[in-house]
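In this note's numbering, the protein residues as written are 22 to 304.
Working notes, beginning with the structure itself.
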Amino acid sequence: MPKFYKSPFNYIGNKYRIMGKILPYFPNKINMFVDLFCGGCDVTINTKAKIYYANDINNFVIDIYKAFQNNSKEVIPYIENTIEKYQLSKTNEESYKLFRDYYNKTRNPLDLYVLMCYSFNYQFRFNSSYEYNNPFGRNRSSFNSSMKKNLEIFLEKIKGVQFSSMEFGMYDLGCMTEKDFIYCDPPYSLTCGSYNDGKRGFNGWGLHDDSRLFLLLDGLSYRNVKFAFSNVIEHKGIVHKTMKAWADRNNYKINYIDFDYNNCNYHIKNRNNITKEVLITNY
Ligand SMILES: C[S@@+](CC[C@H](N)C(=O)[O-])C[C@H]1O[C@@H](n2cnc3c(N)ncnc32)[C@H](O)[C@@H]1O
22 MPKFYKSPFN YIGNKYRIMG KILPYFPNKI NMFVDLFCGG CDVTINTKAK IYYANDINNF
82 VIDIYKAFQN NSKEVIPYIE NTIEKYQLSK TNEESYKLFR DYYNKTRNPL DLYVLMCYSF
142 NYQFRFNSSY EYNNPFGRNR SSFNSSMKKN LEIFLEKIKG VQFSSMEFGM YDLGCMTEKD
202 FIYCDPPYSL TCGSYNDGKR GFNGWGLHDD SRLFLLLDGL SYRNVKFAFS NVIEHKGIVH
262 KTMKAWADRN NYKINYIDFD YNNCNYHIKN RNNITKEVLI TNY
């Protein structure tokens, strides 16, 4: 079994568990790689390319990556000192809340990473004033030894990546050529991943956004830029007809990825539990 690098973020909707299923579909040689909805960067750090660009509308996460790049050597000592200073642990909820208040006043991205490590489900949740408000991850979340190891590798892997936090429609893809490859893993309109409280549009993804992305991918395809697009084409009996029609109309390949978010096989009789994940490619 090939080993894949794991992001130290446990990001919702991350592709770590299906890395082995999607990477074989990626082109063998990639000049420029663009991860347009990079999230926890699991795909970026597992893809071989000459030049890397990673974007996500979630500027809080992107600011953490940039802080990692700017302070590479000091990141782990900083995290460990902060954990000690604030006595953060799997059981100390009071310290977690004090540290959360501190972060909301000072806004250091590295502190946000530490906070996230002790939070419920490792999520980035903010209220309408953009204050981090994710509850404590009692008995579950912590900056443990495997996260530390993943972070050490991550710091190396992201060294040359150009990060940005833009709405995908504003991202300039004008310089991409036929040697380049873009991976798109947007929120899935058929399922309901929660990226934050629904504010700032992180979670406000719908069919209209799918259509905007289809147009963008058609334009790239016209210029012979290769793309791979992750999504769910069927969920609990509902088929994403627009997506299927778009792929069929353009002769894009719909590659079925044998993975089910409900942990059940989709050959079972009860179609209400079926989730069909696909990787649509134009090559
Ligand atoms: C399914 S997740 C990506 C997960 C990622 N591939 C990974 O392995 O961790 C979708 C991402 O799209 C981002 N997103 C949502 N709307 C967006 C938009 N309009 N433009 C750019 N990014 C957006 C979310 O913040 C989220 O991180």
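Note that beta-carbon positions come from the ideal geometry of N, C-alpha and C, so glycine has one too.
Just so you know, these numbers come straight off a predicted model, no measurement behind them.
Taking 6 Å as the line, does the beta carbon of residue i fall inside it for any heavy atom of ligand 1?
| i | result |
| --- | --- |
| K274 | no |
| L29 | Reading the sequence as shown, one finds Pro at residue 29 and not Leu. P29: no, Cβ never under 6 Å from ligand 1. |
| Y84 | As written in the sequence, residue 84 is Asp, which differs from the Tyr given in the question. No - ligand 1 has no heavy atom lying nearer than 6 Å to the Cβ of D84. |
| G60 | yes |
| V299 | no |
| G34 | yes |
| D193 | no |
| P208 | yes |
| V64 | yes |
| D231 | no |
Quick check on the burial criterion: 16 or more other C-beta atoms within 10 angstroms. Buried or exposed for residue i?
| i | result |
| --- | --- |
| V259 | The sequence as given places Ile at residue 259; Val does not occur at that position. Counting Cβ neighbours within 10 Å, I259 comes out exposed, since fewer than 16 surround it. |
| G41 | exposed |
| N303 | buried |
| P45 | exposed |
| A75 | buried |
| G61 | buried |
| G158 | buried |
| A70 | buried |
| D206 | buried |
Measuring straight from C-alpha to C-alpha, what distance separates residue i and residue j?
| i | j | result |
| --- | --- | --- |
| N49 | D231 | 27 Å |
| Y209 | N252 | 6 Å |
| M168 | K24 | 16 Å |
| G190 | N113 | 42 Å |
| S166 | Y153 | 25 Å |
| I43 | K126 | 41 Å |
| N35 | K106 | 31 Å |
| I100 | T263 | 45 Å |
| Y32 | T198 | 30 Å |
| L228 | H261 | 9 Å |
| Q183 | S28 | 17 Å |
| T212 | H256 | 7 Å |
| N294 | K265 | 20 Å |
| G225 | E188 | 12 Å |
| N102 | M137 | 16 Å |
| Y117 | V82 | 19 Å |
| V246 | V55 | 11 Å |
Under 8 Å by Cβ, that's how I've got residue i and residue j pegged, so tell me the actual separation to the nearest angstrom.
| i | j | result |
| --- | --- | --- |
| Y204 | A249 | 5 Å |
| N79 | S162 | Not a contact, Cβ separation roughly 19 Å. |
| V299 | Y273 | Actually they do not touch by this definition, with Cβ atoms about 10 Å apart. |
| Y73 | G181 | 6 Å |
| L57 | Y192 | 6 Å |
| P130 | I85 | 5 Å |
Checklist entry - What are the complete alpha helix (DSSP H) segments, minimum 4 residues, inside the region 42 to 115? => result Fully enclosed alpha helix (DSSP H) runs of 4 or longer: 63 to 67, 80 to 91 and 96 to 106.
Next on the checklist: Extract the residue ranges of the alpha helix (DSSP H) inside the region 184 to 216, only unbroken runs of 4 or more that lie entirely within it.
Outcome noted: DSSP runs (the alpha helix (DSSP H)) wholly in the region 184 to 216: none.
Next on the checklist: Runs of 4 residues minimum, wholly inside the region 152 to 185: which ones carry the alpha helix (DSSP H) assignment?
Outcome noted: As far as the region 152 to 185 is concerned, its whole alpha helix (DSSP H) runs of at least 4 residues are 166 to 178.
Item to check | Length at least 4, wholly inside the region 230 to 274: the alpha helix (DSSP H) runs in chain order | outcome: Segments of the alpha helix (DSSP H) lying fully in the region 230 to 274: 262 to 270.
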